[in-house]
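Everything on this sheet refers to the single structure shown next.
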């Protein structure tokens, strides 16, 4: 069964951009943001996905992600997703053998920067890059599905 084990952190400075190997323009919206499950539509540059995620239990949850046609994702984002839509730039950073995804949010969430690392087990040990701040893995305020509540329409 596909599981996502992820740790999430606040970012304390922009030095992550020096480490970034690429950036991705992301637009994402939610068809469902129920506490037990979320259904997300995302475009990432010229790719598109639909993702179903289960409820977090600590740092772990079920995750099912499938590619979908870009034009269908665009229609879903514009016509069926809960508004507003999240806009962000994701920077990919390789640091001491691990991949970090740094999300710099746009629009009403401008100034919020979150870092995520997906790991093979909750006990996995990894080095913390110099731009990483407080661990917010279990803080529901920083779930992307809850961030849309902070964006005025």
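Residue numbers (the numbering used here): 43 to 195.
For every residue, glycine included, the Cβ atom is placed at its ideal position computed from N, Cα and C.
Given the structure is predicted, the values throughout are model-derived calculations rather than measurements.
Item	Value
Separation of residue 176 from residue 59, as counted between CA atoms	19 Å
Contact belief for residue 61 with residue 135 at Cβ below 8 Å, rounded distance in angstroms	4 Å
Pairwise C-alpha distance: residue 147 and residue 141	19 Å
Simplified DSSP assignment, three categories, for residue 131	strand
Within 8 Å, strictly: CB atoms of residue 79 and residue 95	yes
Short Cβ contact (8 Å threshold) for residue 197 with residue 93	Only positions 43 to 195 of the chain appear in the structure, and residue 197 is not among them; the question remains open.
C-beta neighbour in chain C for residue 155, strict 8 Å	Considering every chain present, this structure includes no chain C. It has just one protein chain.
Buried versus exposed call for residue 99 [16 or more other C-beta atoms within 10 Å across all chains shown]	exposed
Burial state of residue 133, where buried means 16 or more other Cβ atoms lie within 10 Å	buried
Residue burial classification, residue 153 (beta-carbon count within 10 angstroms, cutoff 16)	exposed
Length-filtered (3 minimum) beta strand (DSSP E) runs lying within the stretch 152-186	155-160 and 174-177
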